[in-house]
Amino acid sequence: MKKVTYKNIHNFFKFNGVHLNSKELQIAAYYLIKEGTEYEKSMGDFLLDWFDEKSYIDLQTSGTTGIPKLIRKNKQALVNSALATGDFFGLKPGDTALCCLPVQFIAGKMMLVRSFILGLAIDVVEPTSNPLANLNKNYDFAAMVPLQVENSLNELHKVKKLIIGGAKLNDSLVKKLVNTNSTAYETYGMTETITHIAAKKVGEQAFSVLPHVSIYQNEKDCLVINAPLVSEEHLFTNDLVELLNERQFVLLGRIDNVVNSGGIKLIPEQIEDKLADKINSAFFIGGIPDAVLGEKLVLVVEGEKQEIAESVFAVLAKFEKPKEIFFVPVFEKTASGKIKRKAILKALE
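Residue numbers (full-length UniProt numbering): 1 to 349.
Spelled out as structure tokens, the structure:
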């Protein structure tokens, strides 16, 4: 069987309703760069990069845990990722897809690559907070971030299979998604793994890894990923996990978010899950220095100061209850929409 490479364009591939080969896509890219909006220009730039003579491409990380940086990946690794996604989600040539994510980041780029490689008929729309609002057709496959999903709940029947990434889903949104007609999956991954290397149906506890991926834990109980088709090296993460087997894991939280308060290690993400449907504003749990405890557990809420009843914390164990509540007018976020927890907490010290 002939190996699929980045130079392949599947003959079922369509771009906004039109069959295009690689030469025609490059012509379209020039037009997008010259005449397009900002999101179309970034798409044009990517198309020209993809079809040039280089075997690699430079990708921008999101900057969630540090300074955003460029990393270099072989284009074949992106192809391998696309093939694994196709296998995992049962995508087939001719399926319709929607790209509503910014193409300057890996998630948007990969929607296009999957379409080239798997033969999807993809429509690309502006990456707004409610991308389905003005669309009058249905799609077999789409990818969104949680904010888009939250704003599109009444429209999700237009998407048969939806993958969600970029940030963790809270319990409140999970409950809403379970009652929609769309089959939604929460994904796990990062730029370094070329988007997701694992996924789970919304409502399930454990992530299952994609084909040709295996996992294990290091001595700190953090996830280590072995995905030879997308990364030559094992990827050591800061994600605390419960490992069920070499193909399944439960995500607990990030080790760099753990708060050590009086010798008790608390995982903010687990506390946040318990409070998800109790607090209407955006919020997160974190730790700030404390002379007695070492670190003090705090609740940080976005917006104007408000009264938060003590009963809200009844769902928490004794040591999980925040010692103090802070209100921040607007949360600082990364370009991909993730809250900059560390920077916000530092400003509160």
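Virtual Cβ for every residue (Gly too), placed ideally from N, Cα, C.
Quick caveat, the model's predicted, so the values are computed rather than measured.
Could you please give the first and the last residue of the uninterrupted alpha helix (DSSP H) stretch that includes residue 272? 268 to 275
Given a cut-off of 8 angstroms, decide if residue 281 and residue 302 are closer than it, judged by their beta-carbon atoms. yes
Pick from 33, 49, 212 that is closest to residue 246, judged by C-alpha positions: 212
Tell me, please, whether the region 103 to 112 touches the region 153 to 162 by the rule of three or more beta-carbon pairs shorter than 8 angstroms. Between the region 103 to 112 and the region 153 to 162 there are fewer than three C-beta pairs closer than 8 angstroms, too few to call the two in contact.
Check whether the region 232 to 249 and the region 195 to 208 touch, using three or more Cβ-Cβ pairs below 8 angstroms as the test. yes
Report the three-state DSSP secondary structure of residue 150 (helix, strand or coil). helix
Burial state of residue 292, where buried means 16 or more other Cβ atoms lie within 10 Å: With fewer than 16 Cβ atoms within 10 Å of its Cβ, residue 292 is classed as exposed.
For residue 221, the three-state DSSP class (helix, strand or coil): coil
Which term fits residue 341, buried or exposed, when burial requires 16 or more other beta carbons within 10 angstroms of its beta carbon? buried
Can you give me the C-alpha to C-alpha distance between residue 215 and residue 81, rounded to a whole angstrom? 16 angstroms
Helix, strand or coil for residue 31 per DSSP? helix
Residue ranges of each beta strand (DSSP E) run of no fewer than 3 residues wholly in the region 61 to 130, ordered along the chain? Fully enclosed beta strand (DSSP E) runs of 3 or longer: 70 to 74, 96 to 99, 121 to 124.
Helix, strand or coil at residue 320 [DSSP, three-state]: helix
Would the region 119 to 129 count as touching the region 81 to 95 if we require 3 or more Cβ pairs under 8 angstroms? Counting C-beta pairs closer than 8 angstroms gives three or more between the region 119 to 129 and the region 81 to 95, which meets the contact rule.
Once you ignore the five residues that flank residue 98 on each side, which residues in its own chain have a CB closer than 6 angstroms to its CB? 123, 139, 142
Alpha-carbon to alpha-carbon, residue 274 and residue 174: 13 angstroms
By DSSP, does residue 242 sit in helix, in strand, or in coil? strand
Excluding five sequence neighbours on each side, which residues of the same chain lie with their C-beta closer than 6 angstroms to the C-beta of residue 318? none
Under 8 angstroms: do the region 316 to 334 and the region 256 to 274 share three or more Cβ pairs, one atom per stretch? yes
Go to residue 178, then tell me how far its alpha helix (DSSP H) extends in each direction, as first and last residue. 171 to 178
So the beta strand (DSSP E) residue 185 belongs to, where does it begin and stop? 183 to 190
Determine, using beta carbons only, whether residue 322 and residue 348 come nearer to each other than 8 angstroms. no
What span of residues does the beta strand (DSSP E) with residue 197 cover, start to end? Run containing residue 197: 195 to 201, per the beta strand (DSSP E) assignment.
Do residue 217 and residue 252 have their C-beta atoms closer together than 8 angstroms? no
Tell me the start and end of each unbroken beta strand (DSSP E) in the region 7 to 51 that is at least 3 residues and wholly inside, in chain order. None, since the region 7 to 51 contains no complete beta strand (DSSP E) of that length.
Hey, is the region 186 to 197 in contact with the region 231 to 239, meaning 3+ C-beta pairs nearer than 8 angstroms? yes
Flag residue 115 as yes when its Cβ comes closer than 7 angstroms to any non-hydrogen atom of the ligand MG, and as no otherwise. Although the ligand MG was asked about, the structure shown includes no ligands whatsoever.
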